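Residue numbers (our numbering): 3 to 241.
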């Protein structure tokens, strides 16, 4: 499975301090999280996996790989992500954004040498980072229950479906050499985890209950994403 979203959400959770996370009422049951017992167990599994394997490897990666190379690798995978972003913007009928994403891919793949240089951002072609979970949300489909998936991490009923579609729109999925494909997916995982090391330190210091912190940050961020940073009041629309 692709761990991209779990890593991005972990970084978000480390970067956003949400009100109310300093104290947790053990009697409160969040209606958004009907599977809390299962989710907490899965969260502990994922956290243990990160601490035992992913995070140490990411630290080693940072120590060994020169900064310019690390940046180039990040740009390369970001260029691949722009392909899926363009597709989802088309599905959401956001044609200006979609054509902007297509332009990013064309410029960065050619002038940017397969995406290792992010030339497009300097040409006022910003990243949009759309995924199929956001597309479903834009079609009026609510998030459903909060779910923590093995390896993938925080998700929801809607976003779990989105993860499957995003897997099939990932260009790496279609590489004929399975070893190369999984090697690149593994490198993408480590590169993104390395980029989030500082954010995860903030998260570890800020959260009294890490599970609640990540859940609330994730749900808030996804609502923000679906409405392109301008969500309506929560009692007026699903997210």
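Cβ coordinates follow ideal geometry from the N, Cα and C atoms, glycine included. These figures come from a predicted structure and were not determined experimentally.
Which partner residues does residue 155 have in the DSSP bridge list?
151
Assuming residue 84 and residue 106 are in contact, meaning their beta carbons sit under 8 Å apart, how far apart are those beta carbons, in whole angstroms?
5 Å
Under a Cβ-count criterion, where at least 16 other Cβ atoms within 10 Å of its own Cβ denotes burial, should residue 207 be classed as buried or exposed?
exposed
Closest residue to residue 56 among 90, 190 and 93 (Cα-Cα distance):
Per the Cα distances, 190.
Mapping DSSP to helix, strand and coil, what is residue 184?
Per DSSP, reduced to three states, the secondary structure at residue 184 is helical.
Are residue 91 and residue 116 touching if we call contact CB-CB under 9 Å?
No, these two residues do not count as a Cβ contact at 9 Å.
Find the nearest neighbour of residue 166 within the set 133, 147 and 150, judged by alpha-carbon distance.
133
Nearest-angstrom Cα distance between residue 126 and residue 136?
23 Å
Pull up the distance between the alpha-carbon of residue 25 and that of residue 217, whole angstroms please.
A caution first: residue 25 carries a pLDDT of 45, below 50, which makes its placement in the model too unreliable to give a value.
Please determine, among 171, 152, 153 and 148, the residue with the shortest C-alpha to C-alpha distance to residue 160.
148
Measuring only the C-alpha atoms, how far is residue 77 from residue 111?
Put simply, the backbone Cα of residue 77 is about 10 Å away from that of residue 111.
Minimum length 4: unbroken alpha helix (DSSP H) runs contained in the segment 107 to 178
134 to 140 and 159 to 170
Go through the segment 23 to 79 residue by residue and report every complete run of the alpha helix (DSSP H) that reaches 4 residues or more, in order.
38 to 51 and 57 to 66
Out of curiosity, what's the CA-to-CA distance linking residue 213 and residue 37?
Cα-Cα distance, rounded: 13 Å.
Leaving aside the five residues before and after residue 227 along the sequence, list all residues of the same chain whose C-beta is less than 7 Å from its C-beta, in chain order.
136
Check whether residue 150 and residue 42 have beta carbons under 9 Å apart:
yes
Endpoints, the alpha helix (DSSP H) within which residue 218 is located
212 to 228
Contact under 9 Å by Cβ, residue 192 with residue 59
yes
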